[in-house]
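Residue numbers (my numbering), protein chains in the order written: chain U, 1 to 217; chain F, 1001 to 1217.
Number of protein chains: 2
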Amino acid sequence: MRTIVPFGVAEPKTRLESVLGPEERRTFALAMLRDILDAVTTAGGDPAILADAPIETEAVGVDVPVIVDDAPLTAAISGHVTEALTETGGVAVVMADLAIATPASIDRLFAASADVDLAIAPGIGGGTNALVVQDPTFTFDYHGASIRDHLAAAREAGLSVEEVDSFRLAVDVDEPIDFAEVLLHGQGRAATYLRELGFEIETQDGRVSVRRTTNGT
Amino acid sequence: MRTIVPFGVAEPKTRLESVLGPEERRTFALAMLRDILDAVTTAGGDPAILADAPIETEAVGVDVPVIVDDAPLTAAISGHVTEALTETGGVAVVMADLAIATPASIDRLFAASADVDLAIAPGIGGGTNALVVQDPTFTFDYHGASIRDHLAAAREAGLSVEEVDSFRLAVDVDEPIDFAEVLLHGQGRAATYLRELGFEIETQDGRVSVRRTTNGT
Chain U
1 MRTIVPFGVA EPKTRLESVL GPEERRTFAL AMLRDILDAV TTAGGDPAIL ADAPIETEAV
61 GVDVPVIVDD APLTAAISGH VTEALTETGG VAVVMADLAI ATPASIDRLF AASADVDLAI
121 APGIGGGTNA LVVQDPTFTF DYHGASIRDH LAAAREAGLS VEEVDSFRLA VDVDEPIDFA
181 EVLLHGQGRA ATYLRELGFE IETQDGRVSV RRTTNGT
Chain F
1001 MRTIVPFGVA EPKTRLESVL GPEERRTFAL AMLRDILDAV TTAGGDPAIL ADAPIETEAV
1061 GVDVPVIVDD APLTAAISGH VTEALTETGG VAVVMADLAI ATPASIDRLF AASADVDLAI
1121 APGIGGGTNA LVVQDPTFTF DYHGASIRDH LAAAREAGLS VEEVDSFRLA VDVDEPIDFA
1181 EVLLHGQGRA ATYLRELGFE IETQDGRVSV RRTTNGT
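See the structure below:
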C-alpha cells in the first residue's frame, strides 16, 4: 500500500532542543524515519517520504521516493493523498516519529483498512499518528486535536471507520519524556542512538524518568 | 477469568489534587473503577476488587467481591494471584484507572493469554497496566519501570510471553494531562464525570491541553 511518511527536514524535533543539539536532533529524526520506513516495508507497504525541503536519499540511508512540498502539513498531505488515491485503492499516512512502531503494528493498520473507508490510529495527546483512507472525500486537518477532528470529518462524510487500538502507534516522540518509551520498548535505530548518546531510564519514588549520563560518543 | 482490580481506597489519586478536591478525586476514582469492572465483566471476566481498606459495595455501585489487604501493592497482588491460581487456570490483574479501556481491549488481553504463560499490556511511562498470568512462578514487582522488570522476570523464569499492543490499556490516569485522553476517547462514567465538572479539551498552537471552565455542578 502506498504509505506517505511526512518528514520535516528543516527544523527537526525542536521540542527536543533542551536535551539534544541540532546535529543530534537531525540524526535522531533520521533514525526514527529510517525505522518507520523499514517497518512499513516489512509490513508490505510501499513508503514515500513527503519532505518539506529537499533531502538526499543517502541521508535517509534507504532508497525510497521523496516528494518535496513546502506547503503546510495538512495541505501537503491532503494533496498527495488525493493524487495517490486516483491511482490506487487506499493510501496510508504514517508519521515519521513513531519510534516504537513495529511491522506488526503497521500490519494491523493495513489490515484494519480492508473493509472501511478510514482506518485510524490515535496518538497520545490527541494527534493522528497513522491512518489509511480509501475515500477521496475525507478531509484532513492535522492541527490541534486532530484525532477528534478526523473522526468528526469521517462521520460528517458518512465514511465507515475503524480505530486501530495500538500503543506502539500511539507513541510519537516530541519531548524528552517520550524517550522513556523509546528506551523501554524501542527495537530499532532510534533506540540504539539514544542509548549511544547515554540516555537511560531512571526510577525514583516509583516513577520513571530519563536521564543522560554522558555527552555521548 | 478471575480478574483482580487493585484499588486504593484511602488516598485515591493524590497526583490529581491540583485540579480536583478530595471528594471529587474519590468520586472520579470510583467512576473509573466502575468503568473497568463493567469492561471486564462485558469481556467475560470475573472481577474482584483488591482494596487496601474496607469499601462498601454500595460505594462501588456494583456487586463484586472485595478482598481487603493493606499489604504493599506488589505483595498484595502476588499473594492473591497465587491463591487464585490454585483454583483456576489463569488470573488477570487490571489496574483500576484505565479510564479509556473498552470490553474489546480487555478481550484482546484475555485472548492473548490463551497460549502463553504471561500476557502483558504496558502502560505509558513504564507501568504494567494489565496482565494475565498462568504460571505461579512469575514474580511480581509493581515498583518503578515495572513493565521492564516483569518482562525480565518472565524471561528468567523461562515463561512464554505475549505483549498486548493496546493504546486503551496503555493509558492510566495519574495526572491532569491524562484527562485529555479521557475527554477524547472515554465512553464511560469517568469521562462523563470530568465533563460534568467542566473539563474540556483546549488546543493552542496546535498542542492539546485540558482546562476546567467551571467549578462543576
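The beta-carbon is built from N, C-alpha and C at its ideal position, and this holds for glycine as well.
Please read all numbers here as calculations on a predicted model, not as lab measurements.
Item: Check whether I55(U) and V9(U) have beta carbons under 8 Å apart; Value: yes
Item: Coarse secondary structure for D1038(F), derived from DSSP in three states; Value: helix
Item: Close beta carbons around N1149(F), own chain, < 7 Å, minus the five adjacent residues each side; Value: Residue 1149(F) is actually Asp in this sequence, not Asn. D1141, listed in sequence order.
Item: Beta-carbon proximity of F179(U) to A1170(F), cut-off 8 Å; Value: no
Item: Top-ranked residue by Cα proximity to A1119(F), from E1162(F), E1011(F), T1192(F), A1191(F); Value: E1162(F)
Item: Buried or exposed (CB count within 10 angstroms, at least 16 for buried), A114(U); Value: exposed
Item: Proximity of L1147(F) and I1077(F) at Cβ, strictly below 8 Å; Value: Position check: residue 1147(F) holds Ile in this sequence, whereas Leu was assumed. Contact: no.
Item: Spatial neighbours of R211(U) in its chain, beta-carbon cut-off 8 Å, leaving aside the 5 residues before and after; Value: F199, E200, E202
Item: Beta carbon proximity, R212(U) to chain F, threshold 8 Å; Value: no
Item: Closest residue to G127(U) among V68(U), D174(U), G89(U) (Cα-Cα distance); Value: D174(U)
Item: Residues that G1219(F) contacts on chain U, provided the C-beta gap is smaller than 8 Å; Value: Outside the modelled stretch of chain F, which goes from 1001 to 1217, sits residue 1219(F), for which no answer is possible.
Item: Neighbour list for L184(U) in chain F, Cβ cutoff strictly below 7 Å; Value: G1126, A1145, I1147, R1148
Item: Local Cβ density within 10 Å of S18(U), reported as buried at 16 or more and exposed below that; Value: exposed
Item: Cross-chain neighbours of F1007(F) in chain U, by beta carbon under 7 Å; Value: Simply none; closest approach about 17 Å.
Item: Simplified DSSP assignment, three categories, for I77(U); Value: helix
Item: First through last residue of the beta strand (DSSP E) which encompasses A1111(F); Value: No beta strand (DSSP E) contains A1111(F), which is instead part of the alpha helix (DSSP H) from 1103-1112.
Item: With 16 other Cβ atoms within 10 Å as the buried cut-off, status of G1045(F); Value: buried
Item: Nonlocal neighbours in the same chain, by C-beta distance under 7 Å from D70(U), ignoring five residues either side; Value: D52, A53
Item: D1205(F) classed as buried or exposed, judged by whether at least 16 other C-beta atoms fall within 10 angstroms; Value: exposed
Item: Where the beta strand (DSSP E) through E162(U) begins and ends; Value: 161-163
Item: Test: F167(U) CB closer than 8 Å to a CB of chain F; Value: yes
Item: Identity of the residues DSSP links to R211(U) by a beta bridge; Value: E200(U)
Item: For F138(U) and A121(U), believed in contact at Cβ under 8 Å, the rounded distance; Value: Wrong, their Cβ atoms sit about 15 Å apart, outside the cutoff.
Item: Collapsed DSSP secondary structure at I1100(F) in the structure displayed; Value: coil
Item: Cutoff 8 Å: S105(U) Cβ touching any chain F Cβ; Value: yes
Item: Chain F within 8 Å of I201(U), Cβ atoms only; Value: yes
Item: Chain U residues whose Cβ lies nearer than 9 Å to that of A1043(F); Value: Under the 9 Å cutoff, chain U gives no residues; its nearest Cβ is about 14 Å from A1043(F).
Item: Simplified DSSP assignment, three categories, for V182(U); Value: helix
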